[in-house]
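Protein chains in written order, with this note's numbering: chain A, 1 to 333; chain B, 1001 to 1333. Where a beta carbon is used, it is the ideal one built from N, C-alpha and C, also for glycine. A quick note: this is a predicted structure, and the numbers were derived from the prediction, not measured. In what follows, a structure is listed as structure tokens, so that the remarks can point back to it.
Protein chains: 2
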Amino acid sequence: MNKKPNLKDVAKVAGVSAITVSRVLSNPDKVSEKLRTKVEQAVHEIGYIRNHAASALASRRSGVIAVIIPSLSNIVFNDVLQGIYSAVKQHHLQVVLGDCHYSPLEEEKLIATLLSQSPEGFILTGTDQTDYARKLLQQSGIPIVQLMELSDCPIDMNIGFSHFNAGVDITNHLLQKGYRKLGFLGARMDTRTQQRLAGFKKAIADFKQPCQSYVVTTTQSSSIRLGGQLLQAVMAESQGQCDAVFCCNDDLALGALFETKRMNLKVPADIAICGFNDLEASALVEPAITSVASPRYEMGQQAVELLMTASGKDKTHKPPIDVGYRIVERAST
Amino acid sequence: MNKKPNLKDVAKVAGVSAITVSRVLSNPDKVSEKLRTKVEQAVHEIGYIRNHAASALASRRSGVIAVIIPSLSNIVFNDVLQGIYSAVKQHHLQVVLGDCHYSPLEEEKLIATLLSQSPEGFILTGTDQTDYARKLLQQSGIPIVQLMELSDCPIDMNIGFSHFNAGVDITNHLLQKGYRKLGFLGARMDTRTQQRLAGFKKAIADFKQPCQSYVVTTTQSSSIRLGGQLLQAVMAESQGQCDAVFCCNDDLALGALFETKRMNLKVPADIAICGFNDLEASALVEPAITSVASPRYEMGQQAVELLMTASGKDKTHKPPIDVGYRIVERAST
DNA sequence: AGTCAAAATGGTTGCGCTATCATTTTATCT
DNA sequence: AGATAAAATGATAGCGCAACCATTTTGACT
Chain A
1 MNKKPNLKDV AKVAGVSAIT VSRVLSNPDK VSEKLRTKVE QAVHEIGYIR NHAASALASR
61 RSGVIAVIIP SLSNIVFNDV LQGIYSAVKQ HHLQVVLGDC HYSPLEEEKL IATLLSQSPE
121 GFILTGTDQT DYARKLLQQS GIPIVQLMEL SDCPIDMNIG FSHFNAGVDI TNHLLQKGYR
181 KLGFLGARMD TRTQQRLAGF KKAIADFKQP CQSYVVTTTQ SSSIRLGGQL LQAVMAESQG
241 QCDAVFCCND DLALGALFET KRMNLKVPAD IAICGFNDLE ASALVEPAIT SVASPRYEMG
301 QQAVELLMTA SGKDKTHKPP IDVGYRIVER AST
Chain B
1001 MNKKPNLKDV AKVAGVSAIT VSRVLSNPDK VSEKLRTKVE QAVHEIGYIR NHAASALASR
1061 RSGVIAVIIP SLSNIVFNDV LQGIYSAVKQ HHLQVVLGDC HYSPLEEEKL IATLLSQSPE
1121 GFILTGTDQT DYARKLLQQS GIPIVQLMEL SDCPIDMNIG FSHFNAGVDI TNHLLQKGYR
1181 KLGFLGARMD TRTQQRLAGF KKAIADFKQP CQSYVVTTTQ SSSIRLGGQL LQAVMAESQG
1241 QCDAVFCCND DLALGALFET KRMNLKVPAD IAICGFNDLE ASALVEPAIT SVASPRYEMG
1301 QQAVELLMTA SGKDKTHKPP IDVGYRIVER AST
């Protein structure tokens, strides 16, 4: 096996200079058609593939976007990722993805690692970075987008929606429907879940009539199965009084719904259920589950677009972009 | 904003040579503790981050693993990815991920792009690559793993299981249970789905007693909703005769199950349902769905380990690794 | 103290490519 | 045809780092 062909090898085969080959690859318009064809043939013939490291070093453009999400297994981030990938493709960039497992410390390490790739943009989830991480990011001068939630003091750009407001709204939805013994089921308890819980509490505190609340949370990661366990827990804690539950996401809500069948509870007659994120299954189970929808795919896309337009070094402060959310009312409430 | 600090800047601050700084970063054991501490402080102080492109160019080690999956949205590949990421972390590597949308041509382009990163290993899904893609991969000399299914002529290494056998087994399971009018619901119809269908047909052809089969497929991508539609379709085609369906994955199976409720069909009395992939929801719905489980996470992990041990240039042909599968029998059949 | 091996540190060079500038060729006009 | 601009091509240098080899320092032993 010969060693990998380089620019010079292509140049020799095509009978041109190395720099011309380089141009064919990055600025085809600047080369006459005759030479371009010759070079392209040579490239294909010897299976030449440009050395990205050398190219990035010489050109100071890595063609890479760094992305950190808190969890690969959570389908919510998957949707965002798909949006990111779809947008990145247009710009001929590569994504380097990190999973920080909801840990700011792990995120800090990841940020350092990913910065070494000299990414042309950085997409972070949430606004909960360590100080050192923020320092590194700021010093890098790279455009940065923080996704999913809104921040008063974003590192650079910010796009998301208010999980607090969504929590308030969905809780009010339950209250308006006449439910008065509300449970909150929370897993993981990351910052966004905490904000939803804060919204839940706020809505109840502000409500003019007497009502009860039962909060059951765990730091375990979310799953359908866990939803069933948490429903059991909230029913135990409320001694069977609880008549509606706000689940911090749709996985829990689905699990809670499945559990009601085993407990012989009617939804929504005996107990109402609402979730968060509006997964496909929530609309198709029986009864369908009320949930909170947000434009995740579009958020991912828009994040990339923001990065691309921002590389123009305008250090003007950009206001956070609120993509909003929508309460999808269904039979479960 | 000053330009990014480099090795020399750190060296100046720490009062050592550049190469010593480099060693602290890559071979800390080779440096005395005194200097190491000084250098580490300097690195942290000025927020130095190594330039990956330069490092990769000089050392000829990119620290990157390339991965191509057919779909980001399919949770099945998500599991594999998680396994890959968990293993990659141990080895201090980065993943560069591509989504080829089930298209060999798109995959070919991705392979060329990702090869330019000089990855130290390449993980592909399936065995359906174009000739030129195979040429590029072979010529690169990089260790390669093809995942998910087994191949007679793998490019390099191969780990997966037989979707054909799984299709045969699950169909036989239905036949043994006494069902005789079997439907197959297929979406996407990628190679693995086709193999499952082939298994379905084989089992029916080999069965000693008379039985009927109804095959309904579409190239649309799979979803829960589609499962409901395909169930409608197979019931229409069989004029209500169909008494069991093998869904090519659990999304379809869930959708089919939800649809039976709307159609007032009892599962498994009126119709049996089985799926593929054993998603969490399948075990928790009522009735729980029979499915085929496979060690996806472990497959991902093992793929990375294979790549890492294989970089030793042993060009011996390695036999495919069959990780097997398991039929999980539940109430739906 | 003197010898030698081993460990620690440093200097030089080149990885493969592209930015920059210099040069040559081609096209356009009077 | 000659003058000028514009397009196409080429030569050189350097991006930031680590491999390689040279040198210095340290430690272990007689």
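Rounded to whole angstroms, the separation of the alpha carbons of V215(A) and R180(A) is 14 Å. With respect to the C-alpha of G1015(B), the residue from T1037(B), N1027(B) and P1028(B) having the closest C-alpha is T1037(B). In chain order, V145 and M157 place their CB closer than 6 Å to the CB of L306(A), counting only its own chain and leaving out the 5 sequence neighbours on each side. Within chain A, L72, L97, G98 and D99 have C-beta atoms less than 9 Å from the C-beta of Y1085(B), given in sequence order.
Boundaries for T290(A): no beta strand (DSSP E) harbours it, and the DSSP string shows neither H nor E there. Residues of chain B whose Cβ lies closer than 7 Å to the Cβ of Q139(A) are, in chain order, G1047.
Between A244(A) and L182(A), the gap from beta carbon to beta carbon is short of 8 Å. Annotation: K1201(B) to V1168(B) spans about 8 Å, alpha carbon to alpha carbon. Following the DSSP letters along the chain, one finds K30(A) in no beta strand (DSSP E), marked with neither H nor E.
Separation of S118(A) and R61(A) (C-alpha to C-alpha, rounded to the nearest whole angstrom) is 8 Å.
Straight-line spacing of the CA atoms in G240(A) and G227(A) works out to 17 Å. Unbroken alpha helix (DSSP H) runs of no fewer than 4 residues, entirely contained in the segment 259-307 of chain A, are found at 280-284, following chain order. Going by beta carbons, V1304(B) and I1084(B) fall inside the 8 Å limit.
Residues of chain B with a Cβ closer than 9 Å to the Cβ of H91(A) do not exist; the shortest Cβ-Cβ separation is about 13 Å.
Bridge pairing for I84(A): absent [DSSP]. Under the 8 Å criterion on CB atoms, A1166(B) is classed as non-interfacial with respect to chain A. Note on R1192(B): 16 or more other CB atoms within 10 angstroms of its CB, so buried under the neighbour-count rule. Each residue's CA atom was taken as its position, placing F1207(B) and P1268(B) some 22 Å apart.
Residue contact check for V285(A) against chain B: a CB pair falls below 8 Å. Against chain B, the beta carbon of K261(A) has neighbours under 7 Å at E1286, listed in chain order. Residues P70 and S71 of the same chain have their beta carbon placed closer than 8 Å to that of H101(A), with the five preceding and five following residues left out of the count. The C-alpha of S26(A) lies about 38 Å from the C-alpha of M1299(B).
Residue-level contact check: L1105(B) does not touch chain A, since none of the beta carbons of chain A fall below 8 Å from its beta carbon. A straight-line Cα-Cα distance of about 28 Å links E107(A) and V1031(B). For the segment 110-125 of chain A, residues whose beta-carbon sits nearer than 9 Å to a beta-carbon of chain B comprise A112, T113, L114, L115, S116, Q117 and S118. Interface criterion not met: the Cβ of Q1195(B) is under 8 Å from no Cβ in chain A. For Q1117(B), the three-state secondary structure derived from DSSP is coil.
Proximity to L1175(B) across I1159(B), G1141(B), L1007(B) and S1213(B) peaks at S1213(B), based on C-alpha coordinates.
Annotation: Cβ neighbours of A1054(B) in chain A (cutoff 7 Å, chain order): L57. Only exposed fits D131(A), as fewer than 16 other CB atoms lie within 10 angstroms of its CB. In the DSSP assignment, G183(A) falls within the unbroken beta strand (DSSP E) covering K181 to G186. For N1051(B), the chain A residues whose Cβ falls inside 8 Å of its Cβ are L57, S116 and S118, in order along the chain. Apart from the 5 residues on each side of it in sequence, Q209(A) has no Cβ closer than 6 Å to any other Cβ in its chain. For the segment 1225-1250 of chain B, residues whose beta-carbon sits nearer than 8 Å to a beta-carbon of chain A comprise R1225 and G1228.
Within 7 Å of the CB of K135(A), the CB atoms of chain B belong to G1047, in sequence order along the chain. Here the segment 1038-1057 of chain B makes contact with the segment 34-53 of chain A; the two share three or more CB pairs at distances below 8 Å.
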